[in-house]
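Chains as they are written, first to last, in the numbering used here: chain Z, 1 to 435; chain C, 436 to 585.
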Amino acid sequence: MSGARQATPHPPQTAAAGPAGSARAGAATPPLDVAALREQFPILRRRVHGKPLIYLDNAATTQKPQVVLDAEMRFYTEFCSNVHRGVHDLSGRATAAFESARGKIRRHLGAADDREIVFVRGATEGINLVAHAYGRAHVGENDEIVVSAMEHHSNIVPWQMLCEEKGARLRVIPINDAGELILEEYEKLLGPRTRMVALVHQSNSLGTVNPVKKMIAMAHAAGARVLVDGAQALAHHAVDVQDLDADFYVLSGHKVYAPTGIGALYGKADLLREMPPYQGGGDMILSVTFEKTTYNQIPHKFEAGTPNVAGAIGLGAALEFVSGVGLERIAAHEAAVLEHATRALAGLPRVRLIGTARDKASVVSFVVEGIHPHDIGTILDGEGIALRTGHHCTQPVMERYGVPATVRASLALYNTREEIDALVAGLRKVIEVLG
Amino acid sequence: MRPELRELYQDVILDHGKRPRNFRRLEGATHHAEGFNPLCGDRVRLDLRVEDDRIADAAFQGQGCAISTASASMMTETVKGLSLEEARELFQRFHSQVTGQAGNAEADDLGKLEVFAGVQEYPARVKCAILVWHTLLSALEKKPETVSTE
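Quick look at the structure:
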């Protein structure tokens, strides 16, 4: 692979330069030129077991376009240095690129101020940060934290740990058979003891897109704060944290075409300011003596230690790439492929779709009667098809549907109807072999 | 289908995966243990009846993929009549085979369990084949807690 392709001297204006990126969002939104976009992802040229790679595991992680790889490489080859410290030239450039990436995330999320963007390792760390720094200060004995039945384990366990420590209660919003949250039940759960609602924007195992704006308003009416887990949503929807009125919004870079190990937490500035630090160390302090340490301003107060500078720069490049292609066009393309997949899979014998919400995106989860998902995954792998089998870190969802695991195909902007057709042909083979 | 896959999903394995033998609760069991693979959700409950240091009967229940179900089915068939020592030794040989550490001589000793040799090409699936065997060891040691392959 050509990870070391010649770096361009300036960040590209829009990553999807060329035919795919030429149209800006507007009245006319021509469809994606998927073939041209695929060219920008080096890994998609790979063959697996002698077959062209068909990558349908995007809810686990997305592949990276060349512009993101170049952005990371440029940091290491041109101005690798630590940030916020040195007076030398490289450190200045590294700091500027790092902070510029923060600005790109702020713009992408529609936040008001760069200082509301905290770099973290990913959505999981973002949730842990809020549970630790905000939760410990505001959740007490007999208080309640509300999560939904479709949360990823990462948006369950940190709150459980907090509840255990504080003697608080975890309440769960149930889902209906289609995989939609039951809002009447949610309303009943909200009350004077509710301190926090932790809610996934888009489910990783069902694909359900939750009505978070409405649910945030309901929580606020009850006096609770809301954290939205945007790990899945960000690659598929335009997100505006101010319009949503989210108190906290977390994301993982690697699920939106950026490198692994980088993510961000958005928090309203007034909330972040009054929160105690998360970890102690360098960069999060203004002054240190053995008697007293004064903490730095937000967001640096939450960024102890040398951050993932290259990753942050890569994340900035990835978000530029996505907005260059246009989220509306991405969403329309993925919706068309998803509809094709849903129809084709539902037409197969013994296939049961898990998650049929009215509002869903980019994920189709299913089981085949009498055949375990792991056997399906292994045989499809032999066809060069990468998808996920298992509980997808959502064991309560599996329990709700009475299945130990599902097969999940999850889409990104580079997936095509032809790839879905190959998946369906592969599944026919699976059924033939395993009966 | 790729030859490696055919090697993994041999007819014997498919047959035991679909129609597992000794798939029941064992009345009068003297030993039992539960195995769980948190990665894929496979669960197995193994019951043994041990008489005079020999496994007189073995049965299992649970849910899992074709590989883990076939492994449990064939293991319960194979260990019947073995002494506890022989069963432990068989575990070692089976383990060596599916993890690709066996010499040919050892694999020859495995008899019909040799059909699991194809698993070694699939590191992600070794746990499926080995789960019930770890559960066997646990049952023999009379450990009450659930064993995990993680």
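Beta carbons: idealized from backbone N, C-alpha and C, even for Gly.
From the options, residue whose alpha carbon lies closest to that of residue i
| i | options | result |
| --- | --- | --- |
| V67 (chain Z) | Z:A59, Z:A112 and Z:G316 | Z:G316 |
| A332 (chain Z) | Z:A235, Z:A219, Z:D240 and Z:F41 | Z:A235 |
| Q202 (chain Z) | Z:I43, Z:M218 and Z:S148 | Z:S148 |
| E193 (chain Z) | Z:C163, Z:K213, Z:V200 and Z:M215 | The amino acid occupying residue 193 (chain Z) in the given sequence is Arg; Glu does not appear at that position. Cα-wise, what sits closest to R193 (chain Z) is Z:C163. |
| P396 (chain Z) | Z:H152, Z:V322 and Z:G384 | Z:H152 |
| S410 (chain Z) | Z:E383, Z:E419 and Z:V364 | Z:V364 |
| R225 (chain Z) | Z:V139, Z:Q40, Z:N308 and Z:N415 | Z:V139 |
| P174 (chain Z) | Z:E383, Z:N210 and Z:L56 | Z:N210 |
| G497 (chain C) | C:F458, C:F551 and C:E549 | C:F458 |
| L338 (chain Z) | Z:M73, Z:M215 and Z:N415 | Z:N415 |
| D94 (chain Z) | Z:G110, Z:A111 and Z:F75 | Going by the sequence as given, residue 94 (chain Z) is Ala instead of Asp. When only C-alpha atoms are compared, the closest one is Z:F75. |
| K64 (chain Z) | Z:R85, Z:P42, Z:S81 and Z:C80 | Z:P42 |
| I262 (chain Z) | Z:V83, Z:G110, Z:H49 and Z:G126 | Z:G126 |
| A386 (chain Z) | Z:C393, Z:R343 and Z:T378 | Z:T378 |
| V368 (chain Z) | Z:H392, Z:A336 and Z:E432 | Z:E432 |
Assigned secondary structure, residue i (DSSP; H/G/I helix, E/B strand, else coil)
| i | result |
| --- | --- |
| Y266 (chain Z) | strand |
| Q242 (chain Z) | helix |
| H300 (chain Z) | helix |
| S81 (chain Z) | coil |
| S203 (chain Z) | coil |
| S22 (chain Z) | Model confidence at S22 (chain Z) stands at a pLDDT of 40, short of 50, so the residue's coordinates are unreliable and nothing is read from them. |
| S410 (chain Z) | strand |
| H374 (chain Z) | helix |
| R352 (chain Z) | strand |
| P12 (chain Z) | With a pLDDT of only 40 at P12 (chain Z), under 50, the local geometry of the prediction cannot be trusted, and the value read off the model is given with reservation. Of the three classes helix, strand and coil, the one that applies to P12 (chain Z) here is coil, per DSSP. |
| I156 (chain Z) | coil |
| E144 (chain Z) | strand |
| P277 (chain Z) | coil |
| R169 (chain Z) | strand |
| K292 (chain Z) | coil |
| L56 (chain Z) | coil |
| R388 (chain Z) | strand |
| V67 (chain Z) | helix |
| R329 (chain Z) | helix |
| L181 (chain Z) | strand |
| A17 (chain Z) | Only weak support is given to the placement of A17 (chain Z): the predicted model assigns it a pLDDT of 39, under 50, and the value that follows is read from those uncertain coordinates. Of the three classes helix, strand and coil, the one that applies to A17 (chain Z) here is coil, per DSSP. |
| R47 (chain Z) | strand |
| T29 (chain Z) | coil |
| K515 (chain C) | coil |
| T124 (chain Z) | helix |
| T62 (chain Z) | coil |
N- and C-terminal bounds of the beta strand (DSSP E) containing residue i
| i | result |
| --- | --- |
| D477 (chain C) | D477 to E486 |
| F471 (chain C) | H466 to N472 |
| F529 (chain C) | Per DSSP, F529 (chain C) belongs to no beta strand (DSSP E); it is in the alpha helix (DSSP H), L519 to V533. |
| I440 (chain Z) | In the structure as shown, chain Z begins at 1 and stops at 435. Residue 440 (chain Z) is therefore absent and cannot be evaluated. |
| L286 (chain Z) | I285 to V288 |
| D492 (chain C) | R489 to Q498 |
| R225 (chain Z) | R225 to D229 |
| I117 (chain Z) | I117 to V120 |
| S252 (chain Z) | F248 to S252 |
| V367 (chain Z) | V363 to V368 |
Whole-number beta carbon distance between residue j and residue i, since they are thought to touch under 8 Å
| i | j | result |
| --- | --- | --- |
| A133 (chain Z) | M284 (chain Z) | About 12 Å separates the two Cβ atoms, so there is no contact after all. |
| C475 (chain C) | G370 (chain Z) | Contact doesn't hold; Cβ gap of about 17 Å is too wide. |
| D113 (chain Z) | A269 (chain Z) | 6 Å |
| T62 (chain Z) | K255 (chain Z) | 6 Å |
| E334 (chain Z) | A361 (chain Z) | 7 Å |
| R456 (chain C) | E469 (chain C) | So it is not a contact: roughly 20 Å between Cβ atoms. |
| H237 (chain Z) | L327 (chain Z) | 7 Å |
| S252 (chain Z) | A123 (chain Z) | 4 Å |
| M150 (chain Z) | G179 (chain Z) | 7 Å |
| F321 (chain Z) | L345 (chain Z) | Actually they do not touch by this definition, with Cβ atoms about 30 Å apart. |
Residue interval of the alpha helix (DSSP H) (run including residue i)
| i | result |
| --- | --- |
| M196 (chain Z) | It is not in any alpha helix (DSSP H) - M196 (chain Z) instead sits in the beta strand (DSSP E) that spans T194 to V200. |
| A131 (chain Z) | No alpha helix (DSSP H) holds A131 (chain Z); DSSP gives it neither H nor E. |
| G103 (chain Z) | D89 to L109 |
| F321 (chain Z) | V309 to V325 |
| Q395 (chain Z) | Q395 to Y401 |
| G426 (chain Z) | R417 to L434 |
| L571 (chain C) | V561 to L575 |
Validate contact between the segment 483-503 of chain C and the segment 449-459 of chain C using beta carbons, cut 8 Å, 3 pairs: yes
For the pair the segment 90-100 of chain Z and the segment 300-320 of chain Z, tell me if three or more CB-CB distances fall below 8 Å. yes
Any contact between the segment 241-254 of chain Z and the segment 211-227 of chain Z? By contact I mean 3 or more CB pairs, one from each, below 8 Å. yes
Is the segment 480-492 of chain C close to the segment 528-536 of chain C, with three or more CB pairs under 8 Å? no
Do the segment 419-426 of chain Z and the segment 351-361 of chain Z touch if we need at least three Cβ pairs shorter than 8 Å? no
Measuring CB atoms only, is the segment 491-498 of chain C touching the segment 508-525 of chain C, in the sense that at least three cross pairs come out at less than 8 Å? yes
With a cut-off of 8 Å, do at least 3 Cβ pairs link the segment 259-268 of chain Z to the segment 102-122 of chain Z? yes
So, does the segment 291-303 of chain Z touch the segment 153-160 of chain Z, judging by three or more C-beta pairs under 8 Å? no
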